[in-house]
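Quick notes on the structure that follows.
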Ligand code: NAD
Ligand code: DAU
């Protein structure tokens, strides 16, 4: 297959491209605007006869159209992805997540190309900390932030293009990813690189908020499974039973890095901070036979810490700017 992967120079997209090259013989063309979050170096070392790179905006129909025409399937990762940025300046989230997705949908509709849309569990809002419930494909949409509301909007566009125009699309909503190539603005890499730099980790509020962690490589194998076996028009939730509260994760990072587990600061909480996400991925596991491979979060985190220790050249150029952004907000 010839895959067009949007956002393939970002965190999860680049992990997917590495996964595809290692586990299939598909050819990949990456379309990525290289915003602050995209890094061409995340694709270093991949063979030139398997992976091509095009710099461009998914909202630019003139760039998108010929690339889609040339593909057997589009896997759509490109997005503005960070909640804190969406609270500061929502506009790029509308441009990329809504108009960008619309532009891609019109192109796959014109050319009859299979489409897989990457989305997030945040479209479902949040769960109470003491609620045993988890999100399923039937949970009503209830997004909280400008980021998650634009992702919800993009999911609904995909559903409408399936129903109204017969576009051959699937959607997946995944929980929080960790692993290599994640931007230092995000929780886990921010704390790892803080410790490397001798800065105390920063926990929003009391740190009781729960996230359901999955290794990015497990997300990639799930997406490939859906691409190969998923039923058109269906949504699949992706998760690996990895619920942890933020305080536990910070303490674990400090312990794994040989520091006092209490050596972190509580900082200003995020506005509208979602309490808890939790995924029930029964449908994906039973219907399509997918299983996560990274069951041990502590082991996966230790490998991720090593990756950031060994790739300071990859993350250092972003670190000071990110910390200055957070410092302005008391975070
Ligand atoms: P990221 O911010 O690390 O990467 C986004 C990539 O998209 C970057 O390479 C950026 O340059 C590119 N991009 C942004 N705007 C673009 C545009 N207009 N045109 C072309 N390229 C553009 O994001 P991520 O964490 O890798 O997330 C990727 C996808 O996965 C997003 O759709 C996100 O909603 C979804 N998702 C993320 C998580 C998570 O834990 N990070 C979990 C579930 C779903
Ligand atoms: O659930 C999937 C979502 O996970 C994706 O859709 C998003 O693209 C992705 O960014 C992520 O969203 P979160 O807001 O959950 O991730 P973030 O890494 O920003 O924060 C994780 C938790 O850690 C959250 O409860 C906020 C908290 N936090 C974050 C930062 C950056 C801190 O306590 N301190 C921090 O410095």
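Residue numbers (this note's numbering): 80 to 410. Glycine residues also receive a C-beta, built at the ideal position from the N, C-alpha and C atoms.
- In this structure residue 290 is buried. Its beta-carbon is surrounded by 16 or more other beta-carbon atoms within 10 angstroms.
- Straight through space, the alpha carbons of residue 194 and residue 247 are spaced by roughly 6 Å.
- Judged by their CB atoms, residue 82 and residue 105 are nearer to each other than the 7 Å cut-off.
- Within the DSSP secondary-structure output, residue 111 pairs in a beta bridge with 134.
- Taking each of 174, 197 and 178 in turn and checking the Cα distance to residue 155, the smallest one comes out for 197.
- Counting the other Cβ atoms within 10 Å of the Cβ of residue 377 gives fewer than 16, which makes it exposed.
- In the same chain as residue 342, and ignoring 5 residues on each side of it, the C-beta atoms closer than 7 Å to its own belong to 279 and 333, in chain order.
- In terms of side-chain proximity, the C-beta atom of residue 379 is found no nearer than 6 Å to any non-hydrogen atom of the ligand NAD.
- DSSP places residue 278 outside both helix and strand once states are collapsed to three, so it counts as coil.
- One Cα belongs to residue 239, the other to residue 385, and the distance between them is close to 43 Å.
- For residue 312, the closest of 262, 352 and 242 by C-alpha to C-alpha distance is 242.
- Residue 186 is positioned such that its CB atom lies no closer than 7 Å to that of residue 237.
- Taking the Cβ of residue 156 as the reference point, at least one heavy atom of the ligand NAD falls within a distance shorter than 6 Å.
- Relative to the non-hydrogen atoms of the ligand NAD, the Cβ of residue 136 comes within a distance shorter than 6 Å of at least one.
- For residue 200, the shortest separation between its Cβ and any heavy atom of the ligand DAU lies below 6 Å.
- Within 6 Å of the C-beta of residue 325 there is at least one heavy atom belonging to the ligand DAU.
- Residue 269 counts as buried, since at least 16 other C-beta atoms from the protein chains shown sit within 10 angstroms of its C-beta.
- Residue pairing by DSSP places residue 260 in no beta bridge whatsoever.
- With at least 16 other beta carbons inside 10 angstroms of its own, residue 261 counts as buried.
- Below 8 Å, enough C-beta pairs join the region 291-302 and the region 355-363 to call them touching: three or more.
- Here the C-alpha atom of residue 345 lies approximately 49 Å from the C-alpha atom of residue 145.
- Boundaries for residue 190: no beta strand (DSSP E) harbours it, while the alpha helix (DSSP H) harbouring it runs 180-190, taken from the DSSP string.
- Counting along the chain, residue 84 sits inside the beta strand (DSSP E) bounded by residues 81-85.
- Sequence-distant partners of residue 276 (beyond 5 residues in either direction) whose C-beta falls short of 8 Å from its own C-beta, in its chain, are 398.
- Closest by C-alpha distance to residue 394, out of 107, 163 and 116, is 116.
- Annotation: residue 87 to residue 157 spans about 7 Å, alpha carbon to alpha carbon.
- The criterion of a C-beta distance shorter than 7 Å is satisfied by residue 225 and residue 165.
- According to DSSP, residue pairing for residue 252 in a beta bridge involves 198 and 316.
- Residue 324 and residue 283 have their C-alpha atoms spaced approximately 11 Å apart.
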